[in-house]
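Peer 1: So the sequence shown is numbered by my numbering: it starts at 14 and just counts up by one.
This structure is in structure tokens; I'll ask about it shortly.
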Amino acid sequence: MTDHLASLGRRAWLPGLLVASVLLAACKDGEPPPLPLVALEPALGGERFDRPIEVGAYPGGRFFVAEQGGLVHVLRADGSDRRVLLDLREHIDVEKGEGLLSVALDPGYERNGYLWAYYFAAGEPPRSVLARFEVVEDAVDPATRLEVLVLPQPGYNQNGGAIRFGSDGMLYLSLGDGSAATDPFENGQDLGTLLGSVIRIDVRESSAAEPYAVPPDNPFVGVEGARDEIWAYGFRNPWRMSFDPEGGALWLGDVGFIDNEEVNRVGRGANHGWNVAEGFGCLTPARECDTTGMTPPVTAYGHDAGRCSVTGGVVYRGDAIEALRGVYLFGDFCSGEVFALRPPAGDAEPPGERTEPVVLVAGAGLVVSFGLDADGEVLVVDYVDGAIWRLTAR
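This is the structure in structure tokens:
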């Protein structure tokens with residue numbers, strides 16, 4: 014998140030709604046159909062929020078919106094009946110740390126009322142926390158807070174973080190390398206730390222005595238010197254990830270350092286390169302590096318045209334914009350652009366096939382997150398102006 018905020022000084026604002034109708038790069042089976050004309054329209058009745066960082070569907074046709082400062086709101090689609098679902102302000106640090114980073118509803122939310130949050134904790138030493146809360150009548154009971162994972166951090170930068178549940182019922186959490194710049198602690202390549210990785214844990218029976226269990230089919234279970242929780246590693250600041258509802262591929266945006274913002278399709282047990290590689294080359298271009306066994310990104314882009322920091326998005330599986338079905342949508346925090354990327358052929362494991370994204374629409378402000386409504390339609394979160402946009406056909 015700090016990488017996103019530091020990028021404000023380099024931001025190039027693109028006013029209005031600039032709509033592009035362009036062709037995707039050719040794929041193996043021939044020319045794909047042209048991208049549709051789309052627009053960004055105000056969602057949730059035009060309601061504004063204070064540094065929003067997450068949005069998603071909530072039971073009863075409603076939505077939740079999480080703010081970096083620690084509040085999570087719930088409201089109706091027209092913006093009415095807005096109320097506070099969770100207040101984490103006394104537990105988080107938004108001055109030195111990064112505050113609230115991610116929120117997710119448990120897969121069994123309508124039955125158990127579990128709400129999950131990942132945040133940078135208040136006080137010293139620096140640490141980030143994955144916690145579970147119980148919601149009763151649209152409000153969290155503060156007494157139910159269960160700290161499932163407390164992760165010491167070496168600093169206040171590159172703490173990344175997104176909570177997502179897979180179709181397997183497991184909780185996946187992306188974690189930055191926790192340092193600054195080029196990862197001086199080399200956490201990205203260290204299987205002995207959870208930093209710089211995506212972890213996969215079983216939280217279905219979480220309790221104070223046993224906060225989580227490790228799925229026995231995790232790739233590094235029993236590997237000497239490795240943390241059993243790790244699903245994939247080699248990330249710098251994995252800001253936002255999501256599962257494709259069809260097929261289950263896990264997509265992730267990893268914020269770069271020099272001039273390469275990455276989009277990764279995360280592989281089980283894969284090493285995604287940081288801090289040896291960035292983008293499709295070595296971290297330090299003038300030096301040789303050994304990338305044997307490392308999984309390259311699906312795409313990477315530089316910092317031209319006001320771009321600075323990737324925001325991972327979602328694979329579109331809605332019905333309102335048929336021509337976008339199966340296309341991965343992601344954004345850039347500084348340029349306000351939403352990109353479209355046709356996934357490479359193959360299964361959920363990255364095939365190492367490079368694909369070029371194109372600009373679908375611009376003018377979304379500081380794009381910090383993407384969300385889906387109950388029908389799979391896409392919402393875009395604008396961090397600085399506090400707006401929630403809906404992607405619509407034009």
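We put the CB at the ideal spot given by N, CA and C, even for glycine.
Along the chain, where does the beta strand (DSSP E) containing asparagine 277 start, and where does it finish?
Peer 2: 274 to 279
Peer 1: According to the neighbour-count rule (16 or more other Cβ atoms, all chains shown, within 10 Å of its Cβ), is valine 97 buried or exposed?
Peer 2: exposed
Peer 1: Answer with buried or exposed for serine 115, where buried requires no fewer than 16 other C-beta atoms within 10 angstroms of its C-beta.
Peer 2: Burial call: buried.
Peer 1: Are the beta-carbon atoms of serine 370 and threonine 312 separated by less than 8 Å?
Peer 2: Checking the sequence, you will find proline at residue 370 rather than serine. A contact, by the Cβ cut-off of 8 Å.
Peer 1: Express the C-alpha separation of proline 49 and leucine 184 in angstroms, rounding to a whole number.
Peer 2: 34 Å
Peer 1: Can you grab the Cα-Cα spacing for the pair threonine 422 / phenylalanine 343, in whole Å?
Peer 2: Within the shown structure, residues of the chain are numbered from 14 to 407, placing residue 422 beyond reach of any answer.
Peer 1: From the DSSP output, in three-state form, read off asparagine 200 for me.
Peer 2: helix
Peer 1: Quick one: residues in its chain with C-beta nearer than 6 Å to the C-beta of glycine 58, no 5 flanking neighbours on either side, listed in chain order?
Peer 2: Asp91 and Gly92
Peer 1: Short of 7 Å in beta carbon distance, which residues of its chain neighbour aspartate 63, apart from the five on each side in sequence? Order them along the chain.
Peer 2: Glu80, Gly82 and Gly399
Peer 1: Any contact of the region 197 to 213 with the region 233 to 250, i.e. 3+ C-beta pairs under 8 Å?
Peer 2: yes
Peer 1: Measure from the alpha carbon of glycine 261 to the alpha carbon of each residue in Asn200, Gly205, Phe178 and Asp303, then state which is nearest.
Peer 2: Of Asn200, Gly205, Phe178 and Asp303, the residue nearest in Cα terms is Phe178.
Peer 1: Using 8 Å as the Cβ pair cut-off and three pairs as the minimum, do the region 266 to 278 and the region 310 to 325 touch?
Peer 2: Three or more Cβ pairs drawn from the region 266 to 278 and the region 310 to 325 lie within less than 8 Å of each other, which places the two stretches in contact.
Peer 1: So, at 8 Å on beta carbons, what are the nonlocal neighbours of arginine 61 in its own chain, with the 5 sequence-adjacent residues on each side left out?
Peer 2: Asp398, Gly399 and Ala400
Peer 1: Within 10 Å of its beta-carbon, does valine 279 have 16 or more other beta-carbons around it, so buried, or fewer, so exposed?
Peer 2: By the 10 Å Cβ count, valine 279 comes out buried.
Peer 1: Excluding sequence positions up to five away, which residues of its chain have a Cβ less than 7 Å from the Cβ of alanine 194?
Peer 2: Phe270
Peer 1: Whole angstroms is fine: what's the gap from leucine 354's alpha carbon to valine 340's?
Peer 2: 6 Å
Peer 1: Is arginine 336 helix, strand or coil by DSSP?
Peer 2: Residue 336 is actually alanine in this sequence, not arginine. DSSP places alanine 336 in helix when its eight states are reduced to three.
Peer 1: Could you pull the start and end residues of the beta strand (DSSP E) that glutamate 54 belongs to?
Peer 2: 51 to 55
Peer 1: In terms of residues, what are the limits of the beta strand (DSSP E) holding tyrosine 122?
Peer 2: Here tyrosine 122 belongs to no beta strand (DSSP E); instead the alpha helix (DSSP H) covers 122 to 125.
Peer 1: Could you check the C-alpha separation between aspartate 395 and cysteine 302 for me, to the nearest Å?
Peer 2: 37 Å
Peer 1: May I ask you to report which of helix, strand or coil DSSP gives glycine 191?
Peer 2: For glycine 191, the secondary structure class from DSSP, reduced to helix, strand or coil, is coil.
Peer 1: Within this structure, are the beta carbons of asparagine 284 and methionine 307 separated by less than 8 Å?
Peer 2: yes
Peer 1: Can you tell me which of the three DSSP states leucine 36 falls into?
Peer 2: For leucine 36, the pLDDT reaches just 34, beneath the cut-off of 50, and the residue's location in the model is therefore unreliable, leaving the point undetermined.
Peer 1: Kindly indicate the opening and closing residues of the beta strand (DSSP E) around aspartate 100.
Peer 2: 96 to 100
Peer 1: When burial is assigned at 16 or more other CB atoms within 10 Å of the CB, is threonine 206 buried or exposed?
Peer 2: buried
Peer 1: Over what stretch of residues does the beta strand (DSSP E) that includes methionine 254 continue unbroken?
Peer 2: For methionine 254, the enclosing beta strand (DSSP E) has its first and last residue at 251 to 256.
Peer 1: Three-state secondary structure (DSSP) at glycine 69?
Peer 2: strand
Peer 1: Of all the options Asn170, Val161 and Val328, which has the alpha carbon lying nearest to the alpha carbon of phenylalanine 256?
Peer 2: Comparing C-alpha distances from phenylalanine 256 to each of Asn170, Val161 and Val328 shows the shortest one belongs to Val328.
Peer 1: I'd like to check one pair, alanine 70 with alanine 387: are the Cβ atoms closer than 8 Å?
Peer 2: yes
Peer 1: Rounded to whole angstroms, what's the CA-CA distance from aspartate 203 to proline 55? Just pull it up for me.
Peer 2: 43 Å
Peer 1: What does the alpha-carbon distance come out to for the pair leucine 113 and asparagine 125?
Peer 2: 23 Å
Peer 1: Which same chain residues, not among the five before or five after glutamate 390, have their C-beta less than 6 Å away from its C-beta?
Peer 2: Hits under 6 Å: Gly331 and Ala333.
Peer 1: In three-state terms, what does DSSP make of glycine 266?
Peer 2: strand
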